[in-house]
Amino acid sequence: MNFSALQLSEPIVRAVTAKGYVSPTEIQAGAIPPALEGRDVLGTAQTGTGKTCAFALPILHRLAKAKGPATPTPRRHDRRDRGRAKGRAPRALILCPTRELATQIHESFMSYGGGLKLGYTVVYGGVSQYHQVRSLQRGVDVLVATPGRLKDLCDQGHIDLSSIETLVLDEADRMLDMGFITDIRRIVKMIPGDRQTLLFSATISKTIRTLADDLMNEPVVVETAPEATTVDAINQRFFMVPQQKKLRLLITLLNSENIGRVLVFTKTKHKADRVARWLQRAGNPADAIHSNKTQSARNKAMNAFKHGDLQVLVATDIASRGIDVDNITHVLNFDVPIDPETYVHRIGRTARAGATGTAITFFQANEKQMLRAIERRADIQLPPAEELPPLEDMPELASDEHTEDRSRDDRRRSPRRDGRDSHRGDRKHRSRKQSDSSNRNGYTSRDERDGDSGKSGGYKKDKFKKNAGGYSKGGYAPRDERDGDSGKSGGYKKNKFKKNAGGYSKGGYAPRDERDGDSTKSGGHKKNKFKKNTGGYNKGGYAPRDERDGDSTKSGGHKKNKFKKN
11 MNFSALQLSE PIVRAVTAKG YVSPTEIQAG AIPPALEGRD VLGTAQTGTG KTCAFALPIL
71 HRLAKAKGPA TPTPRRHDRR DRGRAKGRAP RALILCPTRE LATQIHESFM SYGGGLKLGY
131 TVVYGGVSQY HQVRSLQRGV DVLVATPGRL KDLCDQGHID LSSIETLVLD EADRMLDMGF
191 ITDIRRIVKM IPGDRQTLLF SATISKTIRT LADDLMNEPV VVETAPEATT VDAINQRFFM
251 VPQQKKLRLL ITLLNSENIG RVLVFTKTKH KADRVARWLQ RAGNPADAIH SNKTQSARNK
311 AMNAFKHGDL QVLVATDIAS RGIDVDNITH VLNFDVPIDP ETYVHRIGRT ARAGATGTAI
371 TFFQANEKQM LRAIERRADI QLPPAEELPP LEDMPELASD EHTEDRSRDD RRRSPRRDGR
431 DSHRGDRKHR SRKQSDSSNR NGYTSRDERD GDSGKSGGYK KDKFKKNAGG YSKGGYAPRD
491 ERDGDSGKSG GYKKNKFKKN AGGYSKGGYA PRDERDGDST KSGGHKKNKF KKNTGGYNKG
551 GYAPRDERDG DSTKSGGHKK NKFKKN
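With the sequence shown counted from 1, adding 10 to any position gets you the working numbering.
Here is the structure:
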């Protein structure tokens with residue numbers, strides 16, 4: 011069977027033939043016919059099996075044959091339409107998990123549909139949305155997007171999904187693993203219900219089945235050859251090597267064997283950067299890609315790897331999605347993958363389109379169980395480990411091997427730079443004394459505490475520490491400085507009983523030995539009521555008893571303004 015037998019339009023067949031494709035692959039032959047009929051398709055396919063072509067060709071054929079929707083014309087000078095999508099609304103939407111995969115799919119559509127009068131745009135995060143919005147405003151027929159950026163643009167009103175006729179979920183299993191399920195469901199609600207849905211996944215798990223039941227209508231299931239069949243064409247090699255010798259073994263293999271283009275997988279983003287840096291120091295052209303890299307840096311590394319300027323590309327599993335590079339001779343697992351699916355997906359980057367390839371895996375003695383699990387669950391036979399070749403002596407990298415390539419647990423148990431021991435159960439940083447003789451939580455030591463406290467363990471530093479005035483922060487004076495008694499447990503308030511320049515407390519009460527007469531107010535007389543003034547009378551206007559003339563009906567003496575002397 012050739013592509014002409016699939017009843018595709020002539021421009022599409024010419025473009026496919028120009029790419030060097032003669033006959034469709036298994037996934038293409040199974041998915042293209044029902045997709046051309048407008049039916050939903052649920053397909054299982056691995057990377058490198060022509061999956062992108064399986065949904066791109068029928069979409070291009072249907073869009074070219076159908077009449078596109080009219081371009082919306084917004085009302086002039088209407089603020090409600092400001093910033094809204096003004097171009098031709100997209101009719102096909104392809105969702106994928108990573109920026110690299112989105113870029114690859116976009117390039118495939120432009121390559122296969124170059125002879126068609128259609129518009130193609132890709133949107134993804136990590137870069138400015140300005141140029142993406144401008145492209146959308148000019149009009150688009152096929153939109154390739156990552157879920158996060160697409161949701162943001164929809165919320166801002168830059169994209170109208172009401173004209174979508176075909177929805178594609180590529181690498182659906184990976185999108186679910188990355189937590190995009192909520193964004194996907196929100197996006198699907200903006201799309202018409204009578205759409206065509208094409209879903210592709212490496213495996214059809216229970217979660218994928220549930221998603222397919224929610225989004226698809228009686229889909230045609232297309233299952234390709236099992237993963238083990240693809241693995242059989244790859245030469246697999248294993249080396250048991252300690253962590254600190256992995257780098258030397260990698261460089262030894264690169265320098266001693268006939269290795270062309272190599273894709274190295276690491277477990278973490280930080281290790282990917284370190285491995286790439288070590289390889290550059292050893293004279294091997296290398297770079298790393300992962301989600302912490304800017305999009306321009308990732309594009310630069312990918313282009314250099316494609317054009318042969320880089321021999322080694324170090325990547326994480328997430329960033330590797332979408333790497334579509336031909337003639338990768340070797341795939342090297344610097345760290346053992348966590349599950350069989352990841353292992354098969356990694357090594358499937360080599361031996362594409364009938365070519366030969368080699369997959370090398372480094373493992374430690376405590377990781378043998380992980381290899382047995384891969385062998386059992388993926389139903390593949392792994393060869394025995396090989397003996398280590400003589401490793402090259404690289405003293406310039408010795409310090410990096412011993413300091414940077416240790417595991418997180420080793421670094422956690424290592425001594426601190428200040429000489430203190432950070433072992434679990436001996437965390438001195440939580441109990442050591444600080445410069446002010448107080449511990450971390452603010453409690454003073456027992457020999458510095460004044461009095462007793464209801465809080466078990468002593469007083470709070472910020473409540474009882476001495477300040478310049480001799481009183482605690484809370485305002486309580488020490489017991490030997492307190493005057494009289496107070497109803498408040500623990501002493502008097504500083505701001506209530508401290509002596510001021512006039513000899514009276516702040517609250518206005520004179521000491522007992524300075525009070526004149528008696529008062530109904532418990533505790534003494536008010537200063538501002540009984541203090542002597544220059545005229546010999548108190549503030550309230552009453553003359554002292556020895557100066558009063560006559561009698562008065564007012565209890566306590568006569569009014570100054572009534573009996574004052576002339």
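Glycine is no exception: its CB is placed at the ideal position from the N, C-alpha and C atoms.
Could you compute how far the alpha carbon of L16 sits from the alpha carbon of Q253? 52 Å
For T371, is the classification buried or exposed, using 16 other Cβ atoms within 10 angstroms of its Cβ as the cut-off for buried? buried
Cutting at 6 Å between CB atoms, please list the residues of its own chain near E385, excluding the five before and the five after it. L392
If you count every other CB in all the chains shown that lies within 10 Å of the CB of T220, and 16 or more means buried, which is it? exposed
May I have a chain-ordered list of the beta strand (DSSP E) segments no shorter than 3 residues that lie completely inside the region 104 to 138? 130 to 133
For E396, the residue or residues it bridges with in DSSP: F249
Can we say the region 164 to 173 touches the region 112 to 119, given the rule of at least three CB pairs closer than 8 Å? no
Taking the beta strand (DSSP E) that E233 falls in, what are its first and last residues? 230 to 233
Going by Cα to Cα distance, which pick from R387, L398, E351 is closest to T578? Outside the shown range of the chain, which is 11 to 576, sits residue 578, and nothing can be said about it.
Could you compute how far the alpha carbon of D297 sits from the alpha carbon of D204? 45 Å
On the CB-based measure, 16 or more other CB atoms within 10 Å of its CB, does A55 come out buried or exposed? buried
Do V285 and V10 have their beta-carbon atoms positioned less than 8 Å apart in this structure? The first residue shown for the chain is 11 and the last is 576, placing residue 10 beyond what the model contains.
Where V150 falls, given that 16 or more other Cβ within 10 Å makes a residue buried: buried
Measure the C-alpha to C-alpha separation of A155 and Y134 and round it to an integer number of angstroms. 6 Å
Opposite T371 in the DSSP bridges: which residues? F248, N343
Give the DSSP-derived three-state secondary structure of A102 in the structure shown. strand
Status (buried if at least 16 other CB within 10 Å, exposed otherwise) for P394: exposed
Can you give me the Cβ contacts of V152 inside the same chain, cut-off strictly under 6 Å, excluding the 5 residues immediately before and after it? A102, F119, Y130
Rounding to the nearest angstrom, what Cα-Cα distance links V26 and Y122 in this structure? 6 Å
Alpha carbon to alpha carbon, how far is R387 from A329? Give it in angstroms, no decimals. 25 Å
Nearest-angstrom Cα distance between R308 and L401? 32 Å
Give every residue of the same chain whose Cβ lies closer than 6 Å to the Cβ of M226, excluding the five residues on either side of it in the sequence, and list them in chain order. D50, T207
Roughly how many angstroms separate the alpha carbons of R247 and T366, rounded to a whole number? 14 Å
What's the gap between the Cα of A311 and the Cα of A361? 22 Å
Alpha-carbon spacing of R359 relative to G270, whole angstroms: 14 Å
Who does S211 pair with in a DSSP beta bridge? T54
So, for R24: in the same chain, excluding its five sequence neighbours on each side, which residues have a beta-carbon less than 8 Å away from its beta-carbon? G125
Could you give the residue range of the beta strand (DSSP E) that holds V322? 322 to 325
What is the residue span of the beta strand (DSSP E) that V582 lies within? Absent from the structure is residue 582, since the part of the chain shown begins at 11 and ends at 576.
To the nearest angstrom, report how far apart A39 and E20 are at their CA atoms. 18 Å
Are the CB atoms of K161 and R195 nearer to each other than 8 Å? no
Whole angstroms is fine: what's the gap from T234's alpha carbon to V241's? 14 Å
Below 6 Å CB to CB, which residues in the same chain sit around I357 once its five sequence neighbours on both sides are set aside? I244, V341, A369
Can you grab the Cα-Cα spacing for the pair T113 / C106, in whole Å? 10 Å
Distance CB(G53)-CB(A64) smaller than 8 Å: yes
Quick one: what's got a C-beta closer than 6 Å to A41's C-beta in the same chain, skipping five residues either side? V51, G53, A64, V232
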